[in-house]
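Read left to right, the sequence shown gives residues 199 to 265 (our numbering).
Backbone N, C-alpha and C define an ideal beta-carbon position, used for all residues, glycine too.
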Amino acid sequence: KNTSQEREKEEGIFKIGDEVKLKTKAKYGRKGDIGRVEHVGKVFLTIRLDSGKTTTRQPQNLSHHKA
199 KNTSQEREKE EGIFKIGDEV KLKTKAKYGR KGDIGRVEHV GKVFLTIRLD SGKTTTRQPQ
259 NLSHHKA
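#1: Please classify Leu-241 as buried or exposed, where buried requires at least 16 neighbouring CB atoms within 10 angstroms.
#2: Let me know if Ile-245 comes out buried or exposed under the rule of 16 or more other beta-carbons within 10 Å of its beta-carbon.
#3: Output the distance between the C-alpha atoms of Lys-264 and Ile-232, rounded to the nearest integer angstrom.
#4: For Thr-222, does the count of other Cβ atoms within 10 angstroms reach 16, so buried, or fall short, so exposed?
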(Lines of atoms letter the chains of each structure in order from A and count residues from 1; the text may use other names and numbers.)
(Lines give C-alpha, C1' and ligand atoms only; values in the text may rest on other atoms or scores of the structure.)
Protein backbone atom coordinates (compact mmCIF):
# COMPACT_ATOMS: atom_id res chain seq x y z
CA LYS A 1 0.00 0.00 0.00
CA ASN A 2 1.72 3.18 -1.23
CA THR A 3 0.95 6.65 0.01
CA SER A 4 1.25 9.54 -2.44
CA GLN A 5 4.40 10.69 -0.59
CA GLU A 6 6.15 7.35 -1.25
CA ARG A 7 4.93 7.22 -4.84
CA GLU A 8 6.31 10.68 -5.69
CA LYS A 9 9.79 9.57 -4.66
CA GLU A 10 9.78 6.45 -6.86
CA GLU A 11 11.97 6.89 -9.93
CA GLY A 12 10.11 6.67 -13.24
CA ILE A 13 6.59 6.93 -11.80
CA PHE A 14 4.84 10.16 -12.73
CA LYS A 15 1.28 11.40 -12.71
CA ILE A 16 -0.42 14.42 -14.27
CA GLY A 17 0.53 17.64 -12.50
CA ASP A 18 3.89 16.39 -11.20
CA GLU A 19 6.72 18.91 -11.45
CA VAL A 20 9.64 17.33 -13.32
CA LYS A 21 13.19 18.17 -14.37
CA LEU A 22 14.51 17.10 -17.78
CA LYS A 23 17.60 14.87 -17.89
CA THR A 24 18.11 15.15 -21.67
CA LYS A 25 18.13 17.83 -24.36
CA ALA A 26 15.94 17.89 -27.46
CA LYS A 27 14.40 20.33 -29.96
CA TYR A 28 12.41 21.86 -27.10
CA GLY A 29 13.86 21.73 -23.62
CA ARG A 30 17.39 21.44 -22.31
CA LYS A 31 18.86 19.36 -19.54
CA GLY A 32 17.74 20.84 -16.22
CA ASP A 33 14.60 22.59 -17.53
CA ILE A 34 11.52 22.40 -15.30
CA GLY A 35 7.98 21.57 -16.39
CA ARG A 36 4.73 19.87 -15.43
CA VAL A 37 3.36 16.54 -16.69
CA GLU A 38 0.30 17.15 -18.88
CA HIS A 39 -0.33 13.68 -20.33
CA VAL A 40 0.87 10.17 -19.52
CA GLY A 41 0.94 7.84 -22.53
CA LYS A 42 2.08 4.24 -22.95
CA VAL A 43 5.65 5.23 -23.86
CA PHE A 44 6.01 9.00 -23.53
CA LEU A 45 4.98 11.73 -21.11
CA THR A 46 3.96 15.14 -22.43
CA ILE A 47 5.51 17.99 -20.46
CA ARG A 48 4.57 21.68 -20.51
CA LEU A 49 7.80 23.56 -19.86
CA ASP A 50 7.93 26.77 -17.81
CA SER A 51 8.85 28.54 -21.06
CA GLY A 52 5.40 27.60 -22.43
CA LYS A 53 6.64 25.03 -24.97
CA THR A 54 5.46 21.41 -24.93
CA THR A 55 7.81 18.45 -25.24
CA THR A 56 7.71 14.67 -24.78
CA ARG A 57 10.08 12.46 -22.86
CA GLN A 58 10.32 8.85 -21.78
CA PRO A 59 10.00 8.43 -17.99
CA GLN A 60 13.67 7.43 -17.58
CA ASN A 61 14.66 10.83 -19.01
CA LEU A 62 12.85 12.74 -16.25
CA SER A 63 13.33 13.21 -12.54
CA HIS A 64 11.01 14.62 -9.89
CA HIS A 65 11.67 18.28 -9.11
CA LYS A 66 11.56 19.27 -5.47
CA ALA A 67 9.93 22.72 -5.35
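Short version:
#1: Your numbering for residue 241 matches position 43 in the sequence shown. The sequence shown places Val at residue 241, rather than the Leu named in the question. Exposed, by the Cβ-count rule.
#2: Position 47 of the sequence shown, counting from 1, holds the residue named residue 245. Buried, since its Cβ has 16 or more Cβ neighbours within 10 Å.
#3: Translated into the one-based positions of the sequence shown, residue 264 becomes position 66. Translated into the one-based positions of the sequence shown, residue 232 becomes position 34. Taking the straight line joining both Cα atoms gives about 10 Å.
#4: Within the sequence shown, numbered from 1, the residue matching residue 222 stands at position 24. Exposed, by the Cβ-count rule.
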